[in-house]
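Input: a single structure, listed below in structure tokens.
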Amino acid sequence: MGAVLTGTLLLALVIGPACVSGRSCGAIPTPGASTQSSPRQLPALAPAARVVEAGTALHEYSGGARPGDAVPLVVAIHGLGDRPESFRRLFQGFPGRAHFVFPAGDMAWGDGLGWWPIPGEIKEDNMAPGLDAAAARLAARIRLWASSGIVGKPIVTGFSQGGMLSFALAVKFPNEIGEALPAGGLLPPSMLPASWPAGTARPRIVALHGGADDVVPHAFGKTSADNLRALGLDVEWRSYAGLTHWISADVRKDLFAALSASVGRTAALERWAAMEWAP
Numbered sequence: 026m027g028a029v030l031t032g033t034l035l036l037a038l039v040i041g042p043a044c045v046s047g048r049s050c051g052a053i054p055t056p057g058a059s060t061q062s063s064p065r066q067l068p069a070l071a072p073a074a075r076v077v078e079a080g081t082a083l084h085e086y087s088g089g090a091r092p093g094d095a096v097p098l099v100v101a102i103h104g105l106g107d108r109p110e111s112f113r114r115l116f117q118g119f120p121g122r123a124h125f126v127f128p129a130g131d132m133a134w135g136d137g138l139g140w141w142p143i144p145g146e147i148k149e150d151n152m153a154p155g156l157d158a159a160a161a162r163l164a165a166r167i168r169l170w171a172s173s174g175i176v177g178k179p180i181v182t183g184f185s186q187g188g189m190l191s192f193a194l195a196v197k198f199p200n201e202i203g204e205a206l207p208a209g210g211l212l213p214p215s216m217l218p219a220s221w222p223a224g225t226a227r228p229r230i231v232a233l234h235g236g237a238d239d240v241v242p243h244a245f246g247k248t249s250a251d252n253l254r255a256l257g258l259d260v261e262w263r264s265y266a267g268l269t270h271w272i273s274a275d276v277r278k279d280l281f282a283a284l285s286a287s288v289g290r291t292a293a294l295e296r297w298a299a300m301e302w303a304p
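Positions in the sequence shown are counted from 1; adding 25 to them yields the working numbering.
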């Protein structure tokens, strides 16, 4: 497990991951910039961040929460070629009380890390084997983090490969994941059940995707959301006209709002359960 970095996430800076063939596929602008801004070079990381090795994680706390506090767990998953110490900046300034875990991918990819190799163009039918195996590996790690006194079920979010993993974790492990917020992701149809299993939880999903995304095509993300909604899940789909494969200021604002709502629901459900069982 990675070292614990305490304190509120403050510095509102975000960067973009690399996606396929070891090349960068777009940058994320600083909050407040136009959604059509050109990619830009960003400042160095805040001193608190350290280089994270493959298979480990960074742990941070937001909203005044501290290690040992019983708060919702948010697992924020970087994309292919990115790193947790970079991806963490997307969530700096998040106001809710939460324990953030930024896991590192299992393999090296260019200057960053990844979850499974993507050698070329992303298609729905070539993602399933790697995604399925990566989701199982990450789920085992999430169980360990969730065993240390969190509130409610874990919330998962991520971009690109991280978005695909967010979809997959919610579908493959629905009784263990409370909510999922994938951005720029997809879920291959072959990974969907024919019908949702009776008696199984139905994680809430908010999916965000650029309307002009040509790396993880917008149509794939939309189909994923539609397929899950058809299975009876509560799925909210948000599309951003003209946006390619990166997270704009508008997407980040909506992601913060959706994540704040998820954290609030998770904490409220835990309080309700405590009152329900109180003597």
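Every residue gets a Cβ at the ideal spot worked out from N, C-alpha and C, and that includes glycine.
In this text, all values refer to a predicted model and were calculated from it rather than measured experimentally.
What are the boundary residues of the alpha helix (DSSP H) that residue i is part of?
i, result
"Glu149", "Glu149 to Ala171"
"Val196", "Gln186 to Lys197"
"Glu110", "Pro109 to Phe112"
"Leu233", "It is not in any alpha helix (DSSP H) - Leu233 instead sits in the beta strand (DSSP E) that spans Arg229 to Gly235."
"Ala90", "It is not in any alpha helix (DSSP H) - Ala90 carries neither H nor E in the DSSP assignment."
"Ala255", "His243 to Ala255"
Are the Cβ atoms of residue i and residue j separated by less than 8 angstroms?
i, j, result
"Gln204", "Ala164", "Residue identity differs from the one stated: residue 204 is Glu in this sequence, not Gln. No."
"Ala101", "Phe116", "yes"
"Arg108", "Asp131", "no"
"Ala193", "Ala160", "yes"
"Arg305", "Asp279", "The structure shown does not extend to residue 305, since the chain spans only 26 to 304, so no value can be given for it."
"Val288", "Leu233", "no"
"Thr182", "Ser172", "no"
"Ala208", "Phe245", "no"
Within the same chain, show all residues whose beta-carbon is closer than 6 angstroms to that of residue i, passing over the 5 residues directly before and after it, in chain order.
i, result
"Ala266", "Gly236"
"Ala286", "none"
"Glu261", "Val231"
"Ile147", "Val241"
Using a Cβ-Cβ cut-off of 7 angstroms (strictly less than) and excluding sequence neighbours within five positions of residue i, which residues of its own chain qualify?
i, result
"Ala283", "Leu206 and Val231"
Hey, quick one: how far does the beta strand (DSSP E) through residue i stretch, first residue to last?
i, result
"Leu212", "First-last for Leu212: undefined, no H or E at that position."
"Leu138", "Gly137 to Gly139"
"Leu83", "Ala82 to Ser87"
"Ser264", "Val260 to Tyr265"
"Ile102", "Pro97 to Ile102"
"Val126", "Ala123 to Pro128"
"Trp134", "Met132 to Trp134"
Going by C-alpha distance, which of the options is nearest residue i?
i, options, result
"Ala255", "His234, Pro109, Trp221 and Ala274", "Trp221"
"Ala219", "Ala171, Arg122 and Val196", "Val196"
"Pro179", "Trp170, Arg113 and Lys247", "Trp170"
"Phe125", "Asp94, Ser87, Ala244 and Ser173", "Ser87"
"Gly174", "Arg229, Asp94, Val77 and Phe281", "Asp94"
Assuming residue i and residue j make a contact with CB atoms under 8 angstroms, what is their CB distance in whole Å?
i, j, result
"Leu105", "Glu149", "17 angstroms between Cβ atoms; not a contact."
"Val96", "Ala90", "5 angstroms"
"Gly358", "Pro142", "Here the chain comprises residues numbered 26 to 304, so residue 358 is not present and cannot be evaluated."
"Leu294", "Gly177", "6 angstroms"
"Ala153", "Met216", "6 angstroms"
Here's a check: name, in chain order, each residue in its chain whose Cβ is nearer than 8 angstroms to the Cβ of residue i, leaving out the five neighbours to either side.
i, result
"Arg166", "Ala82 and Pro128"
"Ala292", "Val96, Pro97, Arg122, Val176 and Gly177"
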